[in-house]
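Chains as they are written, first to last, in our numbering: chain A, 532 to 1100; chain B, 8 to 173.
Report on the following structure.
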Ligand SMILES: Cc1ncc(C[n+]2csc(CCOP(=O)(O)OP(=O)(O)O)c2C)c(N)n1
């Protein structure tokens, strides 16, 4: 050891090294100076890339995008009080979507805690309900063990964000390094394989099923079970519907893929789920955006529910067989017990629905550029290969509907919390984690303005993130509800005062394009792909009155689905 | 239906806040909650009584078990256990009616633990039903103040803190 004293901050960074952390998204401040001081050398020698976002929320979403796209734990750092509070939206977003993340926050000195000191906030209290676990450190020597434990908790079981609040004096204090290695946590034991008897029962039900459907969510991606899922689906010839979190877990170009069901899902996917005789749910949670009114959802279906989180089983829908376990390990047990199955009447029905209820949109060029067309063309020019992030609103749903994903960790969207402002910083994180991939944020003109300051971050790091703004000059999704259910009283949803996005891009040192004609869509997207050293904003002007269809109104059932715009509207 | 569960938790600051936050956020209505140390200084025991159906009970157990600091959750519904609650009751009493109060206390095997010129403090232990009956009976006098601990219990047949983490 060359340093004379080894401090809490050194301990923290030593564990970072052991955990193979090479990117930290962080924003400094008084309470984290001791940590940043030690980080200085790591940044200098290139062992850690420190990314300075322009707002801590951007940092948290970037760490989230990094984690979702790479499968590694994302790391974000902020100072006490305001810094920590700015992480809240990012933590809640990661928590709802089970993203592995470790957040380090500074805290006022231990003797000042609870005294309303300058820049003090009860970070532990505030973040308790939006983290998987959190810690307030009191002793420098505990730091290494706690950080290691935090990484373990963040990535294992049902992943999630873990926060460590480190008072100034704790990170500055001398500590002796005890490498105690890993010690088990008495109250935490993430599950492995499922109960063999239950797995056997599940296999029996699948082998006997006449109308089976696979309903899959993000759990398949986080456990790395995609290959096994494909094996199961193909072996037993079972069609697959996915949630937004499950997008990419099963290739959407596969003939067995039925797409996304639910509020704005494909009509045929909703039909398939609603009329199934057996729902095999893997790593999904019967969210209300999928089920509508749960009491009327899929009345004939028996349910097999495989989940790493025991609390999800029977939470919304009672499972006939509930298997608590890691999706990958359970599928390893299950796949060999499942018999090959020939497609029959049920599959004929599914094909029929697929044919008779396709996704469709207005292609009349008189009506302006259809946003759906832009997303579809993006899929073509990127060969379905891009990592796609989204903001929230209509843009997000069109991205779900029209961008076909072929592999896991390719589609990053705030599903659970629905956070506007997520997509762009998440794209920054994804691009840093995947320097060789094309990364595109599909955005609305409202959402993009929530974290647009991160353009600076992307420019500094020469990240060629593409921002596709579907610019409808309104908060489209809310306007859509007002249009359909509130007699077009567009209260506070028409966006005036939008900036000139092309000039804005240029002001930051990025590239901007404005596209007003359908003929220019493809060429502009292609041109943007040639830019490899800086971000690109494409401002696509789309009609303000376009709505997302199909739509099942909130809390309604699949019988209330509007497949296209109501006649006369 | 009333259920009683025990949660064995790590004896750390903030654990109760985590639990009560969870109850509040998920809309679980807790009847009583008692926390105390155990034979193991690293572990505290929380006894929770809750009014709700099977679904609520299952959710509470599963959600509680998810907290990292919760080591084990025991649902006592199907177990044989002994339960106790302690009640302290201050009643207005003068020399004239003191004997009547004493007589009632004898029936319930309750103790007088404080005597003042105008009041008595009575201590009674027992299961919830006995305490309820006592409170009804003592209601004939003038109750000035009363406090109950909430239920605590131990399973009869287990040896220490064993069993499945629910
Ligand atoms: C932080 C945040 N605030 C408010 C909302 C509510 N909300 C959901 S969609 C939406 C409109 C989004 O508008 P825009 O980004 O322009 O996208 P569009 O729907 O037009 O594609 C709003 C305001 C939200 N999801 N997140």
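Just so you know, even glycine gets a beta-carbon here, dropped at the ideal spot from N, CA and C.
*Using a Cβ-Cβ cut-off of less than 8 Å, give me the residues of the stretch 705-718 of chain A that come near chain B, in sequence order.*
So the list reads 716, 717 and 718, given in the order they occur along the chain.
*asked:* Residues of the stretch 56-70 of chain B in Cβ contact with chain A at a cutoff of 8 Å, in chain order, please.
replied: Listed in sequence order: 62, 65, 66, 69 and 70.
_Let me make sure I understand the geometry here. Which of 108/B, 84/B, 130/B and 54/B has the alpha-carbon closest to that of residue 157/B?_
Comparing Cα-Cα distances from residue 157/B to each of 108/B, 84/B, 130/B and 54/B, the minimum goes to 54/B.
*Could you please give the first and the last residue of the uninterrupted beta strand (DSSP E) stretch that includes residue 787/A?*
Counting along the chain, residue 787/A falls outside any beta strand (DSSP E), and DSSP gives it neither H nor E.
*What did DSSP end up calling residue 869/A once you bin it into helix, strand or coil?*
The answer is coil: DSSP assigns residue 869/A none of H, G, I, E or B.
*Anything in chain B within Cβ reach of residue 664/A, meaning under 7 Å, just list it in chain order.*
75
*Min CB distance residue 78/B to chain A below 8 Å*: It does: the Cβ of residue 78/B has a partner Cβ on chain A nearer than 8 Å.
*Which full runs of the beta strand (DSSP E) of 3+ residues lie inside the stretch 811-899 of chain A, going along the chain?*
833-838 and 852-855
*residue 974/A: first and last residue of the uninterrupted beta strand (DSSP E) it sits in*: 970-975
*Ordered along the chain, which non-local residues of its own chain (more than five positions away) have a Cβ less than 8 Å from that of residue 163/B?*
86, 87, 88 and 89
*Compute every distance between the C-beta of residue 954/A and the non-hydrogen atoms of ligand 1, then say whether any falls below 7 Å.*
no
*C-beta atoms of residue 933/A and residue 906/A nearer than 8 Å*: Residue 906/A sits close to residue 933/A, with the two beta carbons spaced by under 8 Å.
*beta strand (DSSP E) segments (min. 3 residues) lying fully within the stretch 54-84 of chain B*: 77-82
_By the 8 Å beta-carbon criterion, what residues does the stretch 653-686 of chain A contribute toward chain B?_
For the stretch 653-686 of chain A, residues whose beta-carbon sits nearer than 8 Å to a beta-carbon of chain B comprise 655, 656, 659, 660, 663, 664, 667 and 684.
*Since residue 52/B meets chain A, which of its residues come closer than 8 Å, beta carbon to beta carbon?*
Within chain A, no residue comes near residue 52/B; the closest Cβ sits about 13 Å away, beyond 8 Å.
*Just the chain A side, please: which residues come within less than 8 Å of residue 21/B by C-beta, in chain order?*
655, 659 and 667
*Going along chain A in order, which residues have a C-beta closer than 8 Å to the C-beta of residue 17/B?*
Residues of chain A whose Cβ lies closer than 8 Å to the Cβ of residue 17/B are, in chain order, 717 and 718.
_Where residue 621/A falls, given that 16 or more other Cβ within 10 Å makes a residue buried_ = buried
*What are the start and end residues of each continuous beta strand (DSSP E) run of 3 or more residues lying completely inside the stretch 901-968 of chain A, in chain order?*
918-921
*ligand 1 heavy atoms versus the CB of residue 925/A: any closer than 7 Å?*
Distances between the C-beta of residue 925/A and the heavy atoms of ligand 1 include at least one below 7 Å.
*asked:* With DSSP as the reference, identify every bridge partner of residue 1071/A, one or two as the case may be.
replied: 1001/A and 1046/A
*Tell whether a beta-carbon distance below 8 Å holds between residue 971/A and residue 999/A.*
yes
*In whole angstroms, what separates the C-alpha of residue 116/B from that of residue 101/B?*
21 Å
*State the start and end residues of the unbroken alpha helix (DSSP H) segment that holds residue 676/A.*
Counted as a single uninterrupted DSSP element, the alpha helix (DSSP H) harbouring residue 676/A occupies residues 674-686.
*Would you mind working out which of 790/A, 595/A, 544/A and 733/A sits nearest residue 578/A, comparing C-alpha positions?*
By alpha-carbon distance to residue 578/A, the top candidate from 790/A, 595/A, 544/A and 733/A is 544/A.
_Once DSSP output is grouped into helix, strand and coil, what is the label at residue 119/B?_
strand
*Can you tell me the Cα-Cα spacing of residue 798/A and residue 783/A, whole angstroms?*
Looking at the backbone, the Cα of residue 798/A and that of residue 783/A are separated by about 15 Å.
*Decide if residue 757/A is buried, meaning its Cβ has at least 16 other Cβ atoms within 10 Å, or exposed.*
buried
*Compile a chain-ordered list of the residues in the stretch 832-851 of chain A whose CB is closer than 9 Å to at least one CB of chain B.*
Going along the stretch 832-851 of chain A in chain order, one finds 840, 841, 842, 843, 844, 845, 846 and 849 with a Cβ nearer than 9 Å to chain B.
_Whole angstroms are fine: how far does the CA of residue 47/B sit from the CA of residue 38/B?_
Distance between the alpha carbons of residue 38/B and residue 47/B: 26 Å.
*Given a cut-off of 8 Å, decide if residue 727/A and residue 861/A are closer than it, judged by their beta-carbon atoms.*
no
*Would you decide whether residue 171/B is buried or exposed? Buried here means 16 or more other CB atoms lie within 10 Å of its CB.*
Low per-residue confidence applies at residue 171/B: pLDDT is 46, beneath 50, and the placement is therefore not dependable, though the value from the model is reported in the following sentence. It counts as exposed.
*What is the rounded straight-line gap between the Cα of residue 745/A and the Cα of residue 1080/A?*
23 Å
*Which residue's Cα is closest to the Cα of residue 1088/A: 1032/A, 950/A and 793/A?*
793/A
*asked:* Please tell me whether residue 884/A and residue 742/A are closer than 8 Å, where the distance is taken between their beta carbons.
replied: no
*In chain D, which residues lie less than 7 Å from residue 28/B when you measure between Cβ atoms?*
The question asks about chain D, but that chain is absent: this structure's protein chains are A and B.
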